[in-house]
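Please read the structure below before turning to the comments.
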Amino acid sequence: MTVRLWFYLLVAFSVLTAKPLKAQSTAPERSPSGSRPSTPLASTAPKQAPPVTWSIAQNLPSNVLQPLPREPQPPSTQPPPAPTPEPLPPPDQLLPLPSAPPQPEPSGNTPETITVEQFEVLGSTVFSAAEFAKITEPFTKRPLTIAELFQIRSALAQLYIDKGYITSGAYIPPQTLQRGVVTIQIVEGKLEAISITGTRRLSPNYVRSRLAIATRPPLNRDRLLEALQLLQLDPLIQSLSAELSAGIRPGENVLSVRVIEAKTLSAQLVFDNARAPSVGTDRRQLQLSESNVTGLGDRLSAAYTNTNGSNAVDLSYTVPLNPRNGTLSFNYGSASSNVIERPFDVLGIESKSRYYEFTLRQPIVQTPTRELALGITASRRESEATLLDGLIPFPALGADRDGKTRLTALRFFQEATWRSSVEVIALRSQFTVGLNALSATINSDPPDSRFVAWRGQAQWVRLLAPETLLLVRGDLQLADRPILPLEQFGLGGQDSVRGYRQDALLTDSGLFASAEVRLPILRLPKLRSLLQLTPFIDLGTAWNLGNNLDPDPSTLVAVGLGVRLQVSDRVTARLDWGIPLISISGEKNTWQENGVYFSIVVNPF
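Sequence positions in the sequence shown follow this note's numbering and run 18 to 622.
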C-alpha cells in the first residue's frame with residue numbers, strides 16, 4: 018500500500034510539471050510484442066484541436082500504454098456467424114401438385130373437320146404470338162378433326178404447365194369460323210385468397226404478405242415454392258405446409274397454408290476465455306432474446322457480459338420493414354473496464370465506452386439458395402480512459418487532453434450468400450467513412466474521426482462427409498491513413514489467430530485467414546451428442562500507415578488441435594490448443610497466453 022501511494026505521488030508530480038508534446042510525438046511507444054493500445058477514446062475537445070499527450074508517457078515504462086483493453090465491438094464490425102449447410106424440404110412436401118384445371122369443351126355443333134388458316138390465341142401475358150405459332154403452325158392450312166383441335170388446346174395448356182403455371186389452361190370458346198381463323202382463349206390462373214392457419218402470436222399477415230409477392234398473376238408454382246422455402250428458413254417458423262384448391266370462378270384458386278410457429282423466446286449462457294488478459298480473460302455472458310415482440314416479427318435482445326475487470330451491456334432491436342425482409346435495427350452498447358493485469362494494475366487505469374448504431378438492410382435478391390443484400394449503418398462510438406482511478410486522463414492514441422475520443426461514421430455494406438445442402442459461401446464487404454460530425458474527434462494529424470476503410474470478410478463451409486465439416490475463413494481490412502484504435506484490425510485470440518493472446522497485434526490494416534476441419538470421433542445417438550476433433554491453422558499479418566511503425570513481428574502463424582462437443586441443441590463446448598509458430602515476447606500467465614482456449618455455450622430453453 019505504501020509503495021502504491023508513493024507511486025501515485027510521483028505520477029501526480031509528473032503530471033503537474035508536464036508539458037504537452039508536439040503533435041508528431043503523440044504515438045505511444047510500442048512494447049517488445051509490437052501490440053498497440055486497443056481502446057479508442059472519445060473527445061470533448063473543440064474541433065481542430067491538436068492531439069495532446071502528456072510528457073508523463075515518456076517517464077513511464079515503454080509498454081505502459083499497452084494494457085488498455087480493446088472495447089467490445091458493435092455488430093457492424095463483427096464477422097457474421099459461420100453458417101451450416103442444411104437441406105431444403107422437398108417441394109412436394111411443401112406444396113402437393115393440384116389436380117389439372119378443367120378444360121371447357123367446344124360446343125356440340127362443331128363440324129367434323131375444318132380447314133384452319135390461322136389460330137388466334139388470346140388472353141396471354143406470359144408468351145408471345147411467335148411462341149404460340151411454333152405450336153399451332155403445323156395444324157394450319159389443312160383439314161382438322163375435333164380431336165386435333167383438342168390436341169392444340171392441350172399443347173398450349175402444357176406450354177404453361179411446363180413453365181410452372183400449373184393452374185393456367187386453354188379452351189376453344191363457341192365461335193363462328195370466319196376466313197379460316199380459330200380463336201383459342203387462355204385462362205391464366207390467379208389466387209382468389211390466401212388462408213393462413215396455425216399462427217398463435219405471429220400475425221397471419223407476416224406470412225400472407227411474403228406469399229403475396231410471389232403469387233401475383235399468373236400464378237407460378239416455382240415462384241410459390243421459393244416463397245414457401247424462404248418461409249421454411251425463417252427462424253420464426255418451425256414448419257409449414259400449403260395446398261392449392263379451386264376457387265369459385267374458373268382460373269382462380271385458394272392457397273391454404275398451415276403454420277407451426279417456432280420458439281421465439283431464447284436464452285444463452287456463455288463462458289469462455291476470449292477477453293484480453295488486461296481485464297481478465299474469463300468471460301461470462303447472459304443473453305436473452307425475443308424474436309417476435311409484437312407479433313410483427315420484431316426482435317429484441319439484451320446481453321450482459323462480465324469479466325473480473327469489465328462489465329458490458331448490449332441491447333438490440335430489429336423491426337421488419339417490408340415483405341422482402343428489409344429491416345431497421347438499433348444497437349446500443351455500454352462497457353466499463355479496469356485494468357487488473359500486473360504490473361499495470363497499480364496504475365488504476367479505467368475506461369468507459371459506448372456505441373449507438375442504426376442499420377438499414379434490404380435484400381435485393383433472395384431465394385432459398387442465394388441472397389444479395391445492401392445496407393447502411395450510421396455509427397457513433399465514444400470512449401474515455403483515465404489513470405490513477407480517474408485522477409488524470411490516459412494518453413491514448415488519437416485522444417484529446419481529457420483522454421476522450423468520439424467517432425462518427427457511415428458504413429455501407431454488401432452481403433452475398435450461396436447455399437446448398439453440402440456447402441455455404443458467405444461474403445461481406447463494408448466501406449466505412451469517418452465523418453467530422455456530431456462533435457467527433459478532429460486532430461491536426463491523424464488518427465481522428467476522418468478516415469476511409471474497407472473490410473472484406475469471407476466464409477466457406479463445406480460438408481465433406483456426414484458430420485464432417487471444412488470451415489475456411491478470411492478477413493481483410495485496408496485503411497487510407499492511421500486510424501483510431503476503435504477501428505483498428507486485431508490479430509490474436511479465440512476468434513482470430515489462436516495461439517496468441519487476444520489482440521496481440523492491433524494495427525491500421527491487416528489480413529487474417531483460417532482453415533479448420535471438424536472430424537466426428539464419437540457419436541451418442543441416445544443423448545443426441547457428437548464429439549468432433551478440430552485440427553486448424555490460423556495466420557495473419559498486420560501493418561500500420563503513416564509514421565507509425567509496424568509491429569515486430571508483424572505476422573502471426575499458429576497450428577493447433579481442438580475438441581468440440583455438441584449435446585443436442587442445448588450445449589456446445591469447445592477446447593482449443595494453438596501452437597504459435599512465430600514467437601512474441603510477453604508474459605504468459607493465463608491459459609489464453611499459453612494458447613489454450615475454452616468455450617461453453619448453453620441454451621437452457
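C-beta atoms are modelled at their ideal positions from N, C-alpha and C, and glycine is treated no differently. For clarity, every value in this text was computed on a predicted model and none was experimentally measured.
Item to check | Segment limits, beta strand (DSSP E) that includes Val478 | outcome: 469-482
Next on the checklist: Mapping the DSSP letters down to three states, classify Phe615 as helix, strand or coil.
Outcome noted: Three-state DSSP puts Phe615 in a strand.
Checklist entry - What are the uninterrupted segments assigned as beta strand (DSSP E) that are 3 or more residues long and contained completely in the region 268-349, given in chain order? => result The qualifying runs are 269-278, 282-289, 300-307, 316-324, 327-337.
Checklist entry - Are the beta-carbon atoms of Ala402 and Ile366 separated by less than 9 Å? => result yes
Checklist entry - Hey, would you say Arg581 sits closer than 9 Å to Leu539, going by beta carbons? => result no
Checklist entry - Any contact of the region 270-282 with the region 221-239, i.e. 3+ C-beta pairs under 8 Å? => result yes
Checklist entry - Does DSSP put Phe448 in a helix, a strand or coil? => result strand
Item to check | Reference Ala454, options Trp435, Thr422, Glu432, closest by Cα | outcome: Thr422
Next on the checklist: To the nearest angstrom, how far is the alpha carbon of Asp417 from that of Ser456?
Outcome noted: 12 Å
Next on the checklist: Using the Cβ count rule (16 or more neighbours within 10 Å means buried), how would you classify Tyr177?
Outcome noted: buried
Item to check | Span of the beta strand (DSSP E) around Tyr188 | outcome: Bounds of the beta strand (DSSP E) holding Tyr188 are 186-188.
Item to check | Exposed unless 16 or more other CB atoms sit within 10 angstroms - verdict on Ile381 | outcome: Exposed: under 16 other Cβ atoms inside 10 Å.
Checklist entry - Do the region 213-220 and the region 142-156 make contact, defined as three or more Cβ pairs closer than 8 Å? => result Touching, no.
Next on the checklist: Threshold first: 3 residues or longer. Then list the beta strand (DSSP E) segments lying entirely within the region 348-389, N to C.
Outcome noted: 367-383
Checklist entry - How would you label Ser368, buried or exposed, when you count the other beta carbons within 10 angstroms and need 16 or more for buried? => result So Ser368 counts as buried.
Checklist entry - What residues in its chain sit with their C-beta under 6 Å from that of Leu130, if we drop five residues either side in the sequence? => result Reading the sequence as shown, one finds Thr at residue 130 and not Leu. Within the same chain, Thr130 has close Cβ partners Pro160, Thr162.
Next on the checklist: Going by DSSP in three states, Lys421 sits in which element: helix, strand or coil?
Outcome noted: strand
Checklist entry - For Arg398, which beta-bridge partners are listed by DSSP? => result Tyr372, Leu424
Checklist entry - In its own chain, which residues sit with a C-beta less than 6 Å from the C-beta of Pro621, not counting the 5 before and 5 after it? => result Around Pro621: Ala284.
Item to check | Between the CA atoms of Thr298 and Val69 - distance to the nearest angstrom | outcome: A caution first: Val69 carries a pLDDT of 37, below 50, which makes its placement in the model unreliable, though a value can still be read off. About 31 Å.
Checklist entry - Name the DSSP beta bridge partners of Val534, please? => result Bridge partners of Val534: Leu487.
Checklist entry - For Phe149, which of helix, strand or coil comes out of DSSP? => result Helix.
Checklist entry - CA-CA distance, Thr281 and Glu307? => result Spanning the two alpha carbons is a distance of roughly 5 Å.
Item to check | Rounded distance between the beta-carbons of Leu452 and Ala426, thought under 8 Å | outcome: Taking C-beta atoms under 8 Å as the contact rule, Ala426 and Leu452 qualify, at a distance of about 6 Å.
Checklist entry - Would you say Arg479 and Glu440 are within 9 Å of each other, going by their C-beta atoms? => result One thing to note: Arg479 has its Cβ within 9 Å of the Cβ of Glu440.
Checklist entry - To which residues does DSSP link Leu578 through a beta bridge? => result Pro552, Trp594
Checklist entry - Hey, how far is the Cα of Asn606 from the Cα of Arg359? => result 10 Å
Checklist entry - In three-state DSSP terms, what is Arg518? => result coil
Next on the checklist: Using 8 Å as the cut-off, can you tell me whether the region 581-597 makes contact with the region 557-568, which would need three or more C-beta pairs spanning the two stretches below that distance?
Outcome noted: no
Checklist entry - Span of the alpha helix (DSSP H) holding Pro221? => result For Pro221, the uninterrupted alpha helix (DSSP H) run begins and ends at 221-229, by DSSP.
Checklist entry - Among Leu536, Leu550, Val584, which residue has its Cα nearest to the Cα of Pro542? => result Val584
Checklist entry - Residues bridged to Asp492 by DSSP? => result Asp492 pairs with Gln474, Phe529.
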